[in-house]
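Some notes on the structure that comes next.
Chains as they are written, first to last, in the numbering used here: chain E, 959 to 1113; chain H, 4 to 408; chain W, 16 to 144; chain P, 2 to 314.
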């Protein structure tokens, strides 16, 4: 299954992906898809195209929306990066621990650092910020500056 | 059987078994571990946020200090992503030198792991021997790159130091010494009764669990998951290297030890190959200060597993976003599974078997005063003043020592 | 002694052989170890070569170096050994090779002020013409 | 009365024993280091450690039981010191001896382990509690082989008094060669008692910090360290007296030097054994002791029965 075949397969199955699939270089596939269609594309990629390993989930702060990239890897080294975005006003996301239990840590990291609230995340310790970190501070947001905390402390 | 009260014992964040802070809370019944709950994040230093405020050249050194033992892994991974975005054509000789330093770092990291694992099972003699022989590879690295740990050999567009004839002779001499020492350690690890007894049957991770929990690197390869980024997604000069991926079907800590030791032999083979056909030519190409907009994902087979960097550039000289996924984060999930219904005595060796690599944290202790019966936290400075006062009362005055910053 | 496939005390011979060899550890403060030639230790500064372009200040990952212009036209480098991570990026970035890394790695100080080192053509160093 | 007091407090008693204990610890650590290609500590290192510990502030945990916490180390120390008087060191007769003092010495050697348990249990820290329970669990595995080894040699000499054993071997000089299996069994079991080598499970620093001694600091830790060193000297001289009973008939001076060499030989064996093997788990230790040491001990007993019946009749 070379990159071209995968690309062609995806386009045939989901026609709304017409010009959204790009092969950047050998073994790298980038897909842009909207949040509502993300579920079925992700399911197809994991189940049929056997991308059996989730490397990680990257969260981006893009002005008034949150960008999310799911990095999936298959056994022969091909990497499929599915890019979606959710509005910053209500940053809600479905968990994928059903497919990959290890996604729990990556989703918890996004919840802490970007303030995305992930539905269906199993109960557990906070990662990576300490417990006494103020709940409304999300360090990876562009508008967050590190001295915000110092000002809050010496009020 | 009456419901025995479970005995919750905290291991960490400061504990002799853990070289770096992570906190496991084990629910024990007698000596059997019933449940494990992991608390990470003690070493979170906001590297990803810091990368966004520095230029690409400064980021190379910042990313290199994510982890002490696999510093070259992180810096090569980052530099490859930036070169891909900028479309730089890295000279072949630089790729060979990067592969050489990468394999030397794998040798140094695996020998270090063997010593730490031996210490965890109380076999300090093997620790002393392995760390004595590790000095050979550390000296070679210091000779080549100018530093024993954070080599700083990478720069955007190539490498910063070249290798000349005598250094190649030094490397090959070191490889012969290390090869027969490694062969001896394989014998010890596979034949010494107490070592075999302490390692086999411990920390079981079956093949399906390894795939389901997303284990990477030697931990996965010891459960016969044949995944190795150097072969599947070759980078640097691994495309032209002939080596085979070591897998083992013991699914336990013994298998991981055997996989890591045999990987050492593969590394020696690769280092000799890279030295044999080291191409001539420049070692770096001029890199622009401002990287054009774009994004790239780069993967690297670090000694502990697959290390991934995602870099997004926005045309300025500072990256828009750098995402780092260290191999240990993937293996921590597997530790919880492996520790269930094992003995407490196995906890250190199971945790050490995934070769965790977190990093250091700041110093703060909480002391509750008996008489004033309130808990106050002592910052490093107050701890220092308290100890000076305590010794002054006993006639030894340290206060003349100037206060450190 | 053999226990099934494994041997108890496999390292006995090696350990006894080591007993009669010279120990490999040295008593550090008394005996010293020489760092290899190209080791990146403390920096030295050649003020006469410096043209004050501040490239090293821009590229320093932990902004540990400051270049100040002296009234007599020369330049003076102030390096904070506490912040410096000895990556020698400044040595590479400097177009005029005014900075150089030495092998000196024993830089511990009791007093933190001694860590701020001012390198210039001081009176004792005659500025070579 | 006076020379009994001098004997107890000064010469073969507390002062000599503590000096010899510190020297034995130095010898153990130096051999251990040289076997691992390291330089090893200077000769005054153990003495410096003890002085440093005595100078340090001792912290008693808040909800620990102060009396038990303070008394446990003292019990252990006194038991270790009193047991040296019944062991014949360089003359065939020990300082005090009565029939059955072999049993008394063996029980005196058990008291330190029990007081470590009490100290660990009453220091109310999780690690100390687990460490002390492990110390007692290990007690059941190495105690029987140790008793078997020592008593099989006494049984050959047909007397329960250690001095009697020394007298018997003086009359039959080459008989101690029959006890070599017993010597091996007792030496391995002694490793368990001293919590060294493969059996240092109760204070396995990578699992439970320092086991029973986790909460101890300052003077109490100094006493505990001294007790373990003295236990090593007492155990080694017990094995020397029972298994290597030669060199007792010469003048006291040469006898004394031979005694010191015998004890240092046993300490060297202990160091070699603890260098070469990794630490076992508690279940593996019990399994090893009951599957291999006890049968060997029985074999030794059987051998002695045959010798006693056939040759000595």
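Just so you know, even glycine gets a beta-carbon here, dropped at the ideal spot from N, CA and C. Keep in mind that this is a model prediction, so the values were computed, not measured.
- Here the alpha carbons of residue 1029(E) and residue 967(E) stand approximately 19 Å from one another.
- Between the segment 132 to 140 of chain P and the segment 81 to 88 of chain P there are fewer than three inter-stretch CB-CB distances shorter than 8 Å, so the stretches are not counted as touching.
- The contact set of residue 1033(E) on chain H, defined by CB atoms closer than 8 Å, consists of 230, 235 in chain order.
- Beyond the five residues adjoining it in sequence on each side, residue 324(H) comes within less than 6 Å, by CB distance, of 315 in the same chain, given in chain order.
- By the criterion of at least three beta-carbon pairs nearer than 8 Å, the segment 266 to 280 of chain P is in contact with the segment 32 to 52 of chain P.
- Of the other Cβ atoms in all chains shown, fewer than 16 fall within 10 Å of the Cβ of residue 87(W); this residue is therefore exposed.
- With respect to the 7 Å criterion, residue 1000(E) and residue 1039(E) are not classified as neighbours on the basis of their beta carbons.
- Across the set 105(W), 129(W), 128(W), the C-alpha of 105(W) shows the shortest separation from the C-alpha of residue 59(W).
- Neighbours of residue 285(P) in chain W, taken as residues at a C-beta separation under 7 Å, are lacking, since the least C-beta distance is about 12 Å.
- Here the segment 115 to 135 of chain P lies against the segment 210 to 220 of chain P, with 3 or more beta-carbon pairs under 8 Å apart.
- In the DSSP assignment, residue 1013(E) falls within the unbroken beta strand (DSSP E) covering 1011 to 1020.
- Taking residue 231(H) as the centre and dropping the five residues before and after it, the same chain places the C-beta of 224, 248, 304 closer than 8 Å to its C-beta, in chain order.
- Straight through space, the alpha carbons of residue 293(H) and residue 87(H) are spaced by roughly 14 Å.
- Taken through DSSP and simplified to helix, strand or coil, residue 292(H) comes out as coil.
- Against chain E, the CB of residue 217(H) has a partner CB under 7 Å away; the residue lies at that interface.
- Scanning chain W for C-beta atoms nearer than 7 Å to the C-beta of residue 145(P) yields nothing, as the closest lies near 21 Å away.
- One Cα belongs to residue 184(H), the other to residue 169(H), and the distance between them is close to 23 Å.
- Put simply, of 278(P), 77(P), 184(P) the residue whose alpha carbon is nearest the alpha carbon of residue 239(P) is 184(P).
- Taking a Cβ-Cβ threshold of 7 Å, none of the residues of chain P is close to residue 303(H); the smallest such distance is about 31 Å.
- Beta-bridge partners of residue 311(H) (DSSP): 302(H), 328(H).
- Residue 1046(E) places its beta carbon less than 7 Å from that of residue 1022(E).
- Taking a C-beta distance under 7 Å as the contact criterion, residue 76(W) and residue 83(H) do not qualify as a contact pair.
- Here residue 21(W) really is in contact with residue 196(H); their C-beta atoms are around 4 Å apart, less than 8 Å.
- For residue 320(H), the secondary structure class from DSSP, reduced to helix, strand or coil, is coil.
- For the segment 58 to 110 of chain W, the continuous beta strand (DSSP E) assignments of 3+ residues that do not extend past its boundaries occur at 58 to 60, 80 to 84, 90 to 95, in sequence order.
- With its beta carbon less than 7 Å from one in chain H, residue 1016(E) belongs to the interface.
- Between residue 92(H) and residue 78(H), the gap from beta carbon to beta carbon reaches 7 Å or more.
- Residue environment for residue 175(P): exposed (fewer than 16 other C-beta atoms within 10 angstroms of its C-beta).
- Identification of chain H residues near residue 199(P) by a Cβ-Cβ cut-off of 7 Å yields 197, ordered along the chain.
- For the segment 330 to 347 of chain H, the set of residues with a beta-carbon nearer than 8 Å to any beta-carbon of chain E comprises 332, 333, 335, 336, in chain order.
- Contact between residue 308(H) and residue 220(H) holds, since their C-beta atoms are separated by about 3 Å, short of 8 Å.
- Boundaries of the alpha helix (DSSP H) around residue 122(H): 95 to 123.
- Taking every protein chain shown into account, the CB of residue 262(P) has fewer than 16 other CB atoms within 10 angstroms, so this residue is exposed.
- Membership of residue 165(P) in the alpha helix (DSSP H) is indicated by the continuous run 163 to 172.
- For residue 1055(E) against residue 996(E), the beta-carbon gap comes to about 16 Å, at or over 8 Å, which does not count as contact.
- A check of alpha carbon separations from residue 169(P) across 117(P), 110(P), 94(P) identifies 94(P) as the nearest.
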